[in-house]
Amino acid sequence: MPVLLTQHMPPTFTAILAEHLSKSAGRHAAEGQDGEVVMPGRIYVAPGGKHMLVHKTGTEAVIRLNDGPPVNFCKPAVDPMFRSAVEVWGGALLGVILTGMGSDGAGGVVSLAQAGGNVIAQDEETSVVWGMPGAAAQTGMCADVLPLDEVGRKVSRLLMGGRP
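Numbering-wise (UniProt numbering), the sequence shown opens with residue 1 and increments by one.
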């Protein structure tokens, strides 16, 4: 299963984040490249200053980088990534919204959940800033709102086919 990650960071920092994720997760992680085929088992980090979208090309999902205007005052933004993922995979998705400022991700959460996907948001108590997960939770579309230390376990259970 591929992982698509959007973090509100400038370009240099997203490359460092990808390198850190690769080492700590034991999986190949890199900034997504325009035209790159999305492969299972890899982590794709949206490059700073670009929206990372995914499109269907034949039978493959392909990354498309977009230099359009900020969405929700963010670039990269979560909403366009989630919405494009729904267009490719429908409800076969798991979205996770962690601590962050603003409401980016809430619109994409609605699209993802309405397509049949599963959404988890970090709870207020463990969030440094509850803006993004709070906005996601307020949509009423999150299956779970959990403390940070429970999010990883829940994701693992869902990905292993366990009980939601």
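For every residue, glycine included, the Cβ atom is placed at its ideal position computed from N, Cα and C.
The model shown is predicted, which means the values in this text are computed figures rather than measured ones.
| Asked | Found |
| --- | --- |
| Separation of Pro-147 from Lys-153, as counted between CA atoms | Note that residue 153 is Arg in the sequence shown here, rather than Lys. The alpha-carbon atoms of Arg-153 and Pro-147 are separated by roughly 11 Å. |
| Sufficient close CB pairs (3 or more, under 8 Å) joining the stretch 122-134 to the stretch 97-112 | yes |
| Reference Met-81; option with closest CA among Asp-144, Met-160, Ala-30, Val-45 | Val-45 |
| Among Glu-31, Gln-7, Val-54, Met-9, the one whose alpha carbon lies nearest that of Ala-18 | Glu-31 |
| Beta-carbon spacing of Gly-49, Lys-23 below 8 Å | no |
| From Ala-77, Val-78, Arg-42, residue whose alpha carbon lies closest to that of Ala-61 | Arg-42 |
| Spatially closest choice to residue 165 from Val-37, Gly-58, Gly-90, by CA coordinates | With the chain covering 1 to 164 only, the question about residue 165 has no answer from this structure. |
| Three-way DSSP call (helix, strand, coil) for Asp-67 in this model | coil |
| Residue interval of the alpha helix (DSSP H) (run including Met-141) | Neither: Met-141 is in no alpha helix (DSSP H) and is coded neither H nor E. |
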